[in-house]
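So the protein lines, in turn, are chains A and B.
The numbers in my numbering rise by one with no breaks, and the one at position 122 of the first sequence is 122.
The numbers in my numbering rise by one with no breaks, and the one at position 324 of the second sequence is 1324.
Where is the CB? At the ideal position from N, CA and C, for every residue including glycine.
One structure is given here, and the rest of the page talks about it.
Protein chains: 2
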Amino acid sequence: MNAKRYLEEADVDAIIIYNGQSIDLNFYYFTRLLYGGIFEGSFAVVTDEGVKVITSPLEEQSAKKGNNEVIIYRNKVEREELIKKTIEKAERIGLNYGGLTIKDFENIKDILGNKVYVDIYEKILQWRMIKDEEEYRLIKEAAKIASEVADIMPDFIREGMKEYELAARLAYEMFKRGAEDLAFTSIVAFGENSAEPHYISGSRKLKKGDFVLIDFGAKYKHYNSDITRTFVFGRATQIQKDMYYTVLEAQEMAINMIKEGVNGKEVDIRVKEYINSTQFKDRMIHSTGHGLGLAVHDHIGLTSLKDMILKERMVVTVEPGIYIPGKGGVRIEDDIFVRKDGAEILTYAKKSELIEIS
Amino acid sequence: MNAKRYLEEADVDAIIIYNGQSIDLNFYYFTRLLYGGIFEGSFAVVTDEGVKVITSPLEEQSAKKGNNEVIIYRNKVEREELIKKTIEKAERIGLNYGGLTIKDFENIKDILGNKVYVDIYEKILQWRMIKDEEEYRLIKEAAKIASEVADIMPDFIREGMKEYELAARLAYEMFKRGAEDLAFTSIVAFGENSAEPHYISGSRKLKKGDFVLIDFGAKYKHYNSDITRTFVFGRATQIQKDMYYTVLEAQEMAINMIKEGVNGKEVDIRVKEYINSTQFKDRMIHSTGHGLGLAVHDHIGLTSLKDMILKERMVVTVEPGIYIPGKGGVRIEDDIFVRKDGAEILTYAKKSELIEIS
Chain A
1 MNAKRYLEEA DVDAIIIYNG QSIDLNFYYF TRLLYGGIFE GSFAVVTDEG VKVITSPLEE
61 QSAKKGNNEV IIYRNKVERE ELIKKTIEKA ERIGLNYGGL TIKDFENIKD ILGNKVYVDI
121 YEKILQWRMI KDEEEYRLIK EAAKIASEVA DIMPDFIREG MKEYELAARL AYEMFKRGAE
181 DLAFTSIVAF GENSAEPHYI SGSRKLKKGD FVLIDFGAKY KHYNSDITRT FVFGRATQIQ
241 KDMYYTVLEA QEMAINMIKE GVNGKEVDIR VKEYINSTQF KDRMIHSTGH GLGLAVHDHI
301 GLTSLKDMIL KERMVVTVEP GIYIPGKGGV RIEDDIFVRK DGAEILTYAK KSELIEIS
Chain B
1001 MNAKRYLEEA DVDAIIIYNG QSIDLNFYYF TRLLYGGIFE GSFAVVTDEG VKVITSPLEE
1061 QSAKKGNNEV IIYRNKVERE ELIKKTIEKA ERIGLNYGGL TIKDFENIKD ILGNKVYVDI
1121 YEKILQWRMI KDEEEYRLIK EAAKIASEVA DIMPDFIREG MKEYELAARL AYEMFKRGAE
1181 DLAFTSIVAF GENSAEPHYI SGSRKLKKGD FVLIDFGAKY KHYNSDITRT FVFGRATQIQ
1241 KDMYYTVLEA QEMAINMIKE GVNGKEVDIR VKEYINSTQF KDRMIHSTGH GLGLAVHDHI
1301 GLTSLKDMIL KERMVVTVEP GIYIPGKGGV RIEDDIFVRK DGAEILTYAK KSELIEIS
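The following block contains the structure:
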């Protein structure tokens, strides 16, 4: 979308995104400065003349790699004057109330004075949900990296190794394939730790019979992937197999439901209904999926807590799980690009058979 | 510090930290839930009864690993009631205006109604600057990981390799030593790319005569280290040597100045004065250092832009650099624990001679 269209749709004369200490990812959304630079303390300003980046000399070289007008300030006073000048003619200023701290908002009001401030948080979220070609390509690349890595992980799994050692290998293999960062702190959970959905990794050593749950993703040019696979080290017990194939069934059911126009809420409800109809009643303690993009939890996805009519070109995760505290858990997660008449699965690591690592 | 002392010093009856989508690291500061869990959407509430964590069932197991009272909500309505109840008797509510979005603030006001809200952003920053024993220990461990990795990196450097391949090795070696994440996206810059202080890494291939600049850190139990070393691949030219030893001299001068009571501003001024007295006048385009802790840029450190009287138990980076656009740059960075009468250097990777990798 071009600058004018953003302003029209949000009904404002200018949009200001401040990339403060807690980084507002929308800075990257509007500037598309995806290929280098940190831009702490920088501003992205959308006016009818286009997108302007107000940044420090430190970021000058990085900023000039994009297609925006680059304005350099040498100190705080100059920064304030430049921002003021850039939106001189604007009356209605769109801000992201969901990414701007109270402190930074007060600072902006001090600089700009008497303007009409409009919260465009929801509007930006709507825009960000629909991925354009560049975004689709970057997420697909991030998903490719994660898929390749998931597929080779069983080769690195050895008895007695620690969770964080496998996390090290995960990171290495992702970076080697061009990831610029982890999408998030990898979860590598052995045995009973796999029952804790938000476990990270520790020094638990791998034993025969353990579940090995890996949940990780690659960040590629600021866009993320997010994948989970669960293996068994050694021979799987019947209950482990039941857990795995129940989750797989639930996941495939959910993926098959996905297409434009479907309510994400219905998907989560159906997944839970299915799991609750098995011996694993009430063992799925989170939603089926979330939106994915610049943020790993980009927007609401598939959750019974909220309506979310899926639209073409959204990306959502599908990740049912079953957790038995003290014993273990299974989760299988893929990233889905929503198409008009179905799901395009971006992550393609093997999952159809429970892998027993010998 | 205990809960009562925080409330006294901030002159409030309760402190509420909301760990929203953009994570407010103060959640970890108050709860010390450093050993697992994500806690998105969770609240930390400090009252005279202690610290309470209000979180979802998804985080229950992780939350119970700490020393706080854990309160579980099953849905949004319950969450609101629980927060309300927890601070029922409080009149003055301390909030972090520097970490709370406008949206979340409005939400809190909707829940709690007519209270007196006090911005304790600066207060928290003051507290966080002074590291207690646990924090010191964790940063020291993070620094140890980074130092070990910096020292072995020359062994992995080969002609023709790409920057991101070296970044992969950096990550692997840090995770293998127990880092749970990168402190930040590693900078691996070859040749002319080293002149860009905030470059990340790309597919530039290593050639004879290139600078190799690596700037990276480990996150260990949520605390960070941050180190930079610069090598030359092949034989260094005279100008490369001059750049290196000028930076080293500036860095050692800065480190020698550090102790309780010194103004960080003076340190930065002296470093710039020194560099400007050499052939590299005006080639240092950033401040000498920043505070380090839960955040990589934790607080103001050594910058001529602002007074900062150093106190015992602060951690600051010292990282002068010289950059020649199109040619290359040198930066040397270490993490310093401020002691009463000097600097304790936490990162100990070799630096006294410019390493020429053959």
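Can you find a C-beta in chain A that's less than 7 Å from the C-beta of F1105(B)? yes
Spell out the partners DSSP gives L1302(B) in its beta bridges. G1289(B)
For the structure I just gave you, are there three or more beta carbon pairs, one from the stretch 255-264 of chain A and one from the stretch 1022-1029 of chain B, closer than 8 Å? no
Determine the burial state of T237(A): buried for a count of at least 16 other Cβ atoms within 10 Å of its Cβ, exposed for fewer. exposed
Closer than 6 Å: is that where the CB of E135(A) sits relative to any heavy atom of the ligand ZN? In the structure on display, the ligand ZN does not appear, and there are no ligands present to speak of.
For E91(A), which residues of its own chain have a beta-carbon under 8 Å away from its beta-carbon, when the five flanking residues on both sides are left out? D13, K115 and V116
Which residue marks the beginning of the alpha helix (DSSP H) containing T185(A), and which one marks its end? Counting along the chain, T185(A) falls outside any alpha helix (DSSP H), and DSSP gives it neither H nor E.
Among the residues of its own chain, which have a CB less than 6 Å from the CB of Q251(A), if the five just before and after it don't count? V318, P320 and I332
Helix, strand or coil: which one does DSSP assign to K1219(B)? strand
Where does Y1097(B) fall in DSSP's three states? coil
Kindly give me the distance between the Cβ atoms of V1403(B) and A1183(B), rounded to whole angstroms, as I take these residues to be in contact under 8 Å. Limits of chain B in this structure are 1001 at one end and 1358 at the other, which puts residue 1403(B) out of reach.
Would you mind sorting I239(A) into buried or exposed? The rule is 16 or more other CB atoms within 10 Å of its CB. exposed
Assuming I1187(B) contacts Y1199(B) (C-beta within less than 8 Å), just tell me the rounded distance between them. 6 Å
Hey, is the stretch 152-169 of chain A in contact with the stretch 298-316 of chain A, meaning 3+ C-beta pairs nearer than 8 Å? no
Please list, in chain order, all residues of the same chain as L1125(B) whose beta carbon is under 6 Å from its beta carbon, the five residues on each side excluded. H1299
Count the other CB atoms, across all protein chains shown, that sit within 10 Å of the CB of Y97(A); report buried if there are 16 or more and exposed otherwise. buried
Please report the straight-line C-alpha distance between A1254(B) and L58(A), rounded to a whole angstrom. 21 Å
Taking only runs that begin and end inside the stretch 1131-1203 of chain B, name each unbroken beta strand (DSSP E) of 3 or more residues, in chain order. 1187-1190
Taking Cβ-Cβ distances below 8 Å as the criterion, which residues of the stretch 1281-1295 of chain B are in contact with chain A? I1285, H1286 and A1295
E1344(B) by DSSP, collapsed to three states: which one? strand
If you pair each beta-carbon of the stretch 1139-1156 of chain B with each one of the stretch 1225-1237 of chain B, do three or more pairs fall below 8 Å? yes
Count the other CB atoms, across all protein chains shown, that sit within 10 Å of the CB of N276(A); report buried if there are 16 or more and exposed otherwise. exposed
Determine, using beta-carbon pairs with one atom in the stretch 105-112 of chain A and one in the stretch 123-143 of chain A, whether at least three such pairs fall under 8 Å. no
By a C-beta neighbour count over all protein chains shown, 10 Å radius and 16 as the cutoff for buried, is Y1035(B) buried or exposed? exposed
With 16 other CB atoms within 10 Å as the buried threshold, where does M1284(B) fall? buried
Mapping DSSP to helix, strand and coil, what is A295(A)? coil
Please list the segments of the beta strand (DSSP E) lying wholly inside the stretch 1223-1278 of chain B, counting only runs of 3 or more residues, in order along the chain. 1227-1233
Report the neighbours of F1211(B) on chain A: residues whose CB is nearer than 7 Å to its CB, in chain order. Within 7 Å Cβ-Cβ: nothing; F1211(B) doesn't reach chain A, min ~16 Å.
Can you tell me the Cβ-Cβ gap for D1048(B) and L1007(B), rounded? I've got them flagged as a contact below 8 Å. 6 Å
Locate the beta strand (DSSP E) running through R74(A), then write down its first and last residues. R74(A) -> no beta strand (DSSP E), and no H or E assigned at all.
Give, in chain order, every residue of the stretch 195-209 of chain A whose Cβ lies closer than 9 Å to some Cβ of chain B. A195, E196, P197, H198, Y199, I200, S201, G202 and S203
Please classify P1406(B) as buried or exposed, where buried requires at least 16 other C-beta atoms within 10 Å of its C-beta. Examination of residue 1406(B) is not possible in this model, given that chain B is present from 1001 through 1358 alone.
Chain A residues whose Cβ lies nearer than 9 Å to that of G1264(B): Chain A residues near G1264(B): none, gap ~17 Å exceeds 9 Å.
Taking 7 Å as the limit between beta carbons, can you name the residues of its chain near R1079(B), skipping five residues before and five after? I1054 and Y1073
According to the Cβ coordinates, are D226(A) and G217(A) closer than 7 Å? yes
Leaving aside the five residues before and after A10(A) along the sequence, list all residues of the same chain whose C-beta is less than 6 Å from its C-beta, in chain order. G94, I120 and K123
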